[in-house]
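Q: Handing you a structure now.
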Amino acid sequence: TFGSFIGLAAGFPMLVNTIFPGVDAFQFAFVGPLLAAFVRPIGGWLADRVGGAVITFGIFLIMAAAPLAATAFLPGAHGGGNVMGFVAMFLVLFLAAGIGNGSTFRMIPIIFRTLRERQVADRNDEAALEQARRDGATEAAAAMGLSAAIAAFGGFFIPMAYGTSIEWTGSPHSALIFFSLFYLSCVLVTWWWYSRKEAEVSC
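Each residue of the sequence shown is one higher than the one before, starting from 26 at the first, in our numbering.
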């Protein structure tokens, strides 16, 4: 979600200017990132009340649907496309990425704490349990730092995917379909490991 936010912010204005040449996307390029930043705390708040995995699962479904819906507004052989519809789908993506960023960063500490607590659950030792929680917090902090660093590649990969798709096919359609499939894989990962009843770590 964080990598998507970075990549969307980096590539969206140029993408709109490329496929809708008569539109100056830089006049409203700030709206998507602003919305994403504004709703990020809402993702954490919802995760605290409903569960991070539930929110993240739903967010990835939305993020899978939005690029697919955006393809319906692309210019093609039968028309010049619909810039307002296209922009609207990307605003949905920005909002979902912002909320998902808050919910996933809420999940990470719970996952590491739960795994560490399980390692000492049979000892009936309060000191060992406290140490396990400290170790889990340390590992969670490292994981969040690593995930943020990896997310930075989104600022390169997402615009590159747009450019490659346009260069090879004349349209970002293929890139948008790829992103939809990627987010669907995120839905499956979230469901299998964190969301279903038999999940390894329910959070």
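Glycine included, every Cβ here is placed at the ideal spot set by N, Cα and C.
Please say whether A61 and F30 have beta carbons closer to each other than 7 Å?
A: Yes, the Cβ-Cβ distance between F30 and A61 is below 7 Å.
Q: Taking the alpha helix (DSSP H) that S190 falls in, what are its first and last residues?
A: G179 to T194
Q: Using DSSP with H/G/I as helix, E/B as strand and the rest coil, what is G105?
A: coil
Q: Is C211 closer than 7 Å to G14 when the C-beta atoms are compared?
A: There is no way to answer for residue 14, as the model of the chain reaches only from 26 to 228.
Q: Assign A177 to buried or exposed, taking buried as 16 or more other Cβ atoms, counted over all protein chains shown, within 10 Å of its Cβ.
A: Its Cβ having fewer than 16 others within 10 Å, A177 is exposed.
Q: Determine, using beta carbons only, whether V64 and L118 come nearer to each other than 7 Å.
A: no
Q: From what residue to what residue does the alpha helix (DSSP H) around L33 run?
A: F27 to I44
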